[in-house]
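Undergrad:
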Ligand code: HEM
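In UniProt numbering, the protein residues as written are 1 to 230.
#1: From the DSSP output, in three-state form, read off residue 34 for me.
#2: What number of angstroms, rounded off, separates the C-alpha of residue 80 from the C-alpha of residue 229?
#3: Residue range of the beta strand (DSSP E) that residue 74 falls in?
#4: Quick check: the Cα distance between residue 23 and residue 48, rounded to an integer number of angstroms?
#5: Which term fits residue 126, buried or exposed, when burial requires 16 or more other beta carbons within 10 angstroms of its beta carbon?
#6: Can you confirm whether the segment 20-37 touches the segment 88-104 when touching is taken to mean that 3 or more C-beta pairs between the two stretches lie within less than 8 Å?
#7: By the 10 Å Cβ neighbour count, where 16 or more other Cβ atoms means buried, how is residue 9 classified, buried or exposed?
#8: Who does residue 195 pair with in a DSSP beta bridge?
#9: Any idea what DSSP makes of residue 222, helix, strand or coil?
#10: Starting from residue 118, follow the alpha helix (DSSP H) in both directions and report where the run begins and ends.
#11: Just to confirm my understanding: we take residue 40, look at its own chain, exclude 5 residues before and 5 after, and list those with CB closer than 8 Å. What are they?
#12: From residue 148 to residue 218, what does the alpha carbon distance come to, in whole angstroms?
#13: Who are the near neighbours of residue 59 in its chain, counting only those whose CB is closer than 7 Å to its CB and skipping five residues on each side?
#14: How would you call residue 185, buried or exposed, if buried means at least 16 neighbouring beta carbons within 10 angstroms?
#15: Going by beta carbon distance, what residues of the same chain come within less than 7 Å of residue 115, once the five residues before and after it are set aside?
#16: Could you tell me the distance, in whole angstroms, from the CA atom of residue 51 to the CA atom of residue 27?
#17: Kindly examine the ligand HEM and report whether one of its heavy atoms sits closer than 7 Å to the Cβ of residue 67.
#18: With a threshold of 7 Å (Cβ to nearest heavy atom), would residue 6 be considered close to the ligand HEM?
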């Protein structure tokens with residue numbers, strides 16, 4: 001398992017977003033990250049594969065119970081994310097993610113040290129892999145690790161958002177589950193562009209993607225995005 005965190009350059013006021021690189025064996029049932037380093041009162045990310053699709057959600061719990069889906073964080077899977085026969089690699093942007101109910105990244109100091117944790121259910125899959133809100137059973141592994149946030153700020157942050165593309169060609173950051181439904185509309189038969197929204201609650205725009213891209217429910221039922229076909 002590999003986890004990396006990239007923060008935008010220091011700014012005043014501080015940005016509330018970051019990028020996470022999360023690599024886990026494809027055989028795992030589900031895996032997760034706690035951005036607060038504990039289970040309760042932390043922003044939790046859960047991830048599992050659904051066929052070739054990466055299911056990535058935000059959750060929260062106030063106790064050692066199945067965490068509930070957590071609205072607020074805006075998660076966008078970035079283009080280099082992929083699944084192959086051995087690993088799931090999610091690279092995602094999380095906006096509105098440095099503070100949550102009951103805590104904050106680095107206890108509010110984005111130039112200090114943050115204690116994070118990872119968890120995994122190495123054998124047992126979630127109840128319904130196609131449902132981002134699926135129930136699942138407890139992890140069989142967890143461990144803590146420290147991140148020196150002072151070393152995590154990158155002047156190339158905006159390039160990472162574009163998956164390596166220059167900022168000027170970065171696709172517009174799509175809205176996510178917590179943003180009011182997009183009012184974008186498309187002519188019938190119009191095709192959504194790369195990484196554009198192609199579905200979700202209230203969405204009225206094109207639901208088919210340009211060639212080479214497939215509409216993926218990245219945060220069902222709220223948000224689907226045109227991602228490279230595998
Ligand atoms: C059905 C779902 C879950 C159940 C029943 C559950 C239950 C538990 C229990 C009983 C412990 C204490 C284990 C011990 O001390 O030996 C624990 C620890 C932990 N859990 Fe979970 N968990 C669940 C899901 C998750 C998820 C989704 C995450 C993160 C994405 C997570 C993160 C953690 C972490 C970081 C710890 C260790 C730190 C702490 O004790 O707060 N858990 N969990």
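Ideal placement from N, C-alpha and C gives every residue a C-beta, glycine not left out.
TA: The relevant details are as follows:
#1: Reading the chain shown from its first residue, position 34 is the one you call residue 34. Looking at residue 34 - three-state DSSP - the assignment turns out to be strand.
#2: Here residue 80 corresponds to residue number 80 of the chain shown, with the count starting at 1. Here residue 229 corresponds to residue number 229 of the chain shown, with the count starting at 1. Roughly 12 Å between the two C-alpha positions.
#3: Counting from 1 along the chain shown, the entry for residue 74 is found at position 74. Residues 74-77.
#4: Against the chain shown, residue 23 aligns to sequence position 23. Against the chain shown, residue 48 aligns to sequence position 48. Between residue 23 and residue 48, the C-alpha separation is close to 11 Å.
#5: Here residue 126 refers to the residue found at position 126 of the chain shown. Flag for residue 126 reads buried.
#6: yes
#7: Residue 9 sits at position 9 when you count from the first residue of the chain shown. Residue 9 is exposed by the Cβ-count criterion.
#8: Counting from one through the chain shown, the residue named residue 195 turns up at place 195. Its beta-bridge partners do not exist; DSSP assigns none.
#9: Here residue 222 corresponds to residue number 222 of the chain shown, with the count starting at 1. Residue state, collapsed to three classes: coil.
#10: Reading the chain shown from its first residue, position 118 is the one you call residue 118. Looking at the DSSP string, residue 118 is not in any alpha helix (DSSP H); the run it does join, the beta strand (DSSP E), is 113-121.
#11: In the chain shown, the residue the question calls residue 40 occupies position 40. Cβ within range, chain order: 61, 62, 63, 64 and 102.
#12: Residue 148 sits at position 148 when you count from the first residue of the chain shown. Residue 218 sits at position 218 when you count from the first residue of the chain shown. Their backbone Cα atoms lie some 29 Å apart in a straight line.
#13: In the chain shown, counting from the first residue as 1, residue 59 sits at position 59. So the list reads 44, 46, 67, 68, 69 and 70, once near-sequence residues are dropped.
#14: Along the chain shown, read from residue 1 onward, the residue named residue 185 stands at position 185. Note on residue 185: pLDDT 37, under 50, position unreliable in the model; the coordinate value appears next. It counts as exposed.
#15: Taking the chain shown and counting its residues from 1, one reaches residue 115 at position 115. Closer than 7 Å at the Cβ level, and outside the excluded window around residue 115, lie 37, 144 and 146.
#16: For the purposes of this step, residue 51 is taken as residue 51 along the chain shown, with counting starting at 1. For the purposes of this step, residue 27 is taken as residue 27 along the chain shown, with counting starting at 1. Going from the Cα of residue 51 to the Cα of residue 27 covers about 12 Å.
#17: As a working note, residue 67 is residue 67 in the chain shown. Within the cutoff, so yes.
#18: Start at 1 with the first residue of the chain shown, and residue 6 comes out as number 6. Incorrect: residue 6 has no Cβ contact closer than 7 Å to the ligand HEM.
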